[in-house]
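J.:
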Amino acid sequence: YFLIEQYTSLYSNIHFVVDGEKRGAANGFIWLLSHVQSECYMFCDQDDIWLPSKIERTYGRYVEVSKKKANIPIVIHTDLIVVDTNLKVIASSFWEYTRLGKIVDDQSYIKYCNSVTGCTMLFNNCAKQYGIKASSNVVMHDSWIAIVTNANHGTIIPLHEKLVLYRQHTSNTLGAKKYRMTLRHILSNLRRIQNTNVAWFKMVNSISKMTVMDYICHKIILLFIK
C-alpha cells in the first residue's frame, strides 16, 4: 500500500480505493467502477504495455463518435500485438491470431462471442451506468460492459490499430489463445467448452433474452465464418 499511497500524494488524479472483500476479477472491476466518476474509463490492471499513442488514439475516436451519437453507451476498443514474457512477438495481430477479426466489425455477434479485450477498452459513463447494475452471472467485466452496451442500443467501435503489447506468460489463466477448432481439439476440451458456453449463455440471457437454440445456431455460424 505504501507505494500506492506515495503516488496518491504526488498526483491529484490518482485515487486509492480500499476494499477489504474478495470479489473476484469481474465483480471487483464492477465494484471499482461504482466508486469512481468520470466521462470515460479505461481498464489498466495488467503487465501489458500500452503503446505511446493508445490513450490519444482511443479517446480521439471516442470524441468523434460521441459528437454523432450523444447520450448512448459507447465502447471503443482496439487490436493488440501478442508478445511473450520478454516482449518477443508471438502474433502481430490478436484479432487475426484468435480469428476475432472475422466478426469484430459486426456488433451483433457480441452476444455470442466477446471480441472486446479489457485492456484496450475505453467506454463512457453511460456504458458504465448500465454496467454497474451487474447480474450475478457476470463472467468477465470486459464482456459484460460490451454486452450491456449492445443490449441498451449503444455502439461498440473497433479501432483497427494495435495499441497494446499483450504479454502472455506460460502460467496465464486467461489470454490469447490461437484459434483451433479441429474435432480433436473439441473432444479434448469438451468439458471446458461446455462450461464456458453455459456460463456465457447465463450472462447474456440475464440482460438480453435469447433461446438456447438461438445461441447454439449462432455459435455454429461462427465456426464457418471465413
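If you read the sequence shown in my numbering, its first letter stands for residue 2, the second for the next number, and so on.
Even glycine gets a Cβ: it sits at the ideal position worked out from N, Cα and C.
For clarity, every value in this text was computed on a predicted model and none was experimentally measured.
1) Kindly confirm or deny that the region 37-51 and the region 123-131 touch, where touching means at least three C-beta pairs closer than 8 Å.
2) Helix, strand or coil for H78? Go by DSSP, reduced to three states.
3) For H36, which residues of its own chain have a beta-carbon under 6 Å away from its beta-carbon, when the five flanking residues on both sides are left out?
4) Using three-state DSSP, classify H16 as helix, strand or coil.
5) Opposite I50 in the DSSP bridges: which residues?
6) Measure from the alpha carbon of G132 to the alpha carbon of each residue in N87, W32, Q7, H16, then state which is nearest.
7) Considering just the uninterrupted stretch of the beta strand (DSSP E) at N125, what are its terminal residues?
8) Could you tell me the distance, in whole angstroms, from the CA atom of Y8 to the CA atom of Y2?
9) Using three-state DSSP, classify V66 as helix, strand or coil.
10) Taking the beta strand (DSSP E) that V90 falls in, what are its first and last residues?
11) Measuring only the C-alpha atoms, how far is T99 from A92?
T.: Well, looking at it:
1) The answer is yes - the region 123-131 touches the region 37-51, with three or more Cβ pairs under 8 Å.
2) DSSP places H78 in strand when its eight states are reduced to three.
3) Same-chain partners within the cutoff: V18.
4) Looking at H16 - three-state DSSP - the assignment turns out to be coil, as it is neither helix nor strand.
5) Partner(s): L166.
6) Distance check between G132 and each of N87, W32, Q7, H16 places W32 closest, using alpha-carbon atoms only.
7) Run containing N125: 123-125, per the beta strand (DSSP E) assignment.
8) Whole-angstrom Cα-Cα distance: 10 Å.
9) Correct three-state label for V66: helix.
10) Segment 90-92, the beta strand (DSSP E) holding V90.
11) Taking the straight line from one Cα to the other gives about 10 Å.
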